[in-house]
Amino acid sequence: MNVLKTAATAVAFAATVASGATATERWKVPVSFPTGLPGIGEPLKDWAATINAADADIQVKLFEPGEIVPPFAVLDAVRDNKVPAGMAVIGYSAGSIPATALLFGAPFGLGPREYAGWYYQGGGEALTQALLNKNGVHGFLCGMIGAEMGGWFREPLNSIEDFKGLRFRTAGLGADVLTRLGMSVTTLPLGETFPALERGAIDAAEGSLPSVDVILGLHKVAKHGYFPGWHQPVGTGHLVINQGVWDGLSDAQKEAVETSCEAITMKNLTISDSIQAASMAKAKADGAEFHVFSDEMIEAFRKATAEVMAEQSAKDADFKEIYESMEAHKKLVSGYLDMSSAD
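If you use mature numbering (1 follows the signal peptide of the UniProt record, and there is no 0), the sequence shown corresponds to residues -23 to -1, 1 to 320, in order.
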């Protein structure tokens, strides 16, 4: 909580300095996922309220996915100055900027505590900025959740062979891993996942946290929920700002934006962890069952992940640099984290 207090104080200080000295910025801010989704969407409204109340001469208005920008095109719209800023799942831009998939969360990669340490203390912020700056935007980590679910399936999974041929919704690098294992993978916006599952366009789906998946209703069609979320031990959101817009802000405005993201990232994580038990209980009451992937499945996921990471690193220098940085940080802190846990 000290982090939140420090960040809030910094926002207030920056706003005081900026007040009355700079023209008010009015930003239309499209988002990649609905703001009504608990744990991932609702904190976006908290961020907007923080900025708007800070008297930092920045006023923002959030726009739902598809209102002014498609959910997969937020970063592109910001880069092209169609909007000044956006709350993006930047991994959705992996087709044109492969390394953004790592920043979104990597299979068997950094967990929330490790990711925060890498970003704020391990050089991750500088690498993130360098990647985004190459692509015409400035950005900040601005939201973080813990591991997602591994997916919802219509029938129990008995072996890795059961994955072959399944039409599965997911996103990020996990999609490449599962494709390698024989799945037919599609990436849909979260809001389109339940309709696709209900009408049989897909056989199974991975959405997000249980709190999100239950709101979407995935458990009502595919009643077998699997853990762990090996494909994404952490999930992130990023505020991306057009580079020209960022360059035109005062130092105080920049500080207000940055510290508001620090505050909401920590708040987002604590909220997302605390509401999952109730959502899982709701799913069980609706007839859903929860399972754990077998050791055989986890080993297959891990082997395919190593192949995907090596392949992507060989093709893209930015991907290689960021992946190696993340792995080095994980190795640096893993000994302490393992030994300090009583589990």
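The beta-carbon is built from N, C-alpha and C at its ideal position, and this holds for glycine as well.
About 6 Å separates the Cβ atoms of Leu80 and Thr213, confirming a contact at the 8 Å cut-off. Note that the stretch 47 to 67 does not touch the stretch 128 to 135; fewer than 3 beta-carbon pairs, one per stretch, sit closer than 8 Å. Judged by beta-carbon spacing, Leu174 lies beyond the 8 Å limit of Val114, meaning their Cβ atoms are not closer than that value.
In terms of CA proximity to Gly94, Ser302 leads the group Gly168, Trp24, Ser302, Ala319. Residue Leu216 holds the alpha-carbon nearest to the alpha-carbon of Gly63 among Leu216, Leu314, Ser317, Tyr300. Put simply, the stretch 229 to 243 does not touch the stretch 180 to 196. Fewer than three CB pairs are less than 8 Å apart. Judged by pairs of C-beta atoms under 8 Å, the stretch 148 to 166 does not touch the stretch 242 to 250, as fewer than three such pairs exist. In terms of Cβ geometry, Ser9 and Pro61 do not form a close pair [threshold 8 Å]. Bounds of the beta strand (DSSP E) holding Gly128 are 128 to 130.
Per DSSP, the unbroken beta strand (DSSP E) holding Arg3 starts and ends at 2 to 7.
Distance from the CA of Ala258 to the CA of Phe85, rounded to the nearest whole angstrom, comes to 27 Å. Asn245 sits away from Met126, with the two beta carbons spaced by 8 Å or more. About 16 Å separates the beta carbon of His208 from that of His268, a gap too long to meet the 8 Å contact definition. Residue state for His196 is assigned as helix, using DSSP reduced to three classes. For Ala76 against Asp295, the beta-carbon gap comes to about 4 Å, under 8 Å, which counts as contact. In terms of Cβ geometry, Pro11 and Gly168 form a close pair [threshold 8 Å]. Excluding residues up to 5 positions away in sequence, Leu150, Asp153, Val154, Arg157 lie with their Cβ nearer than 7 Å to the Cβ of Val285 in the same chain.
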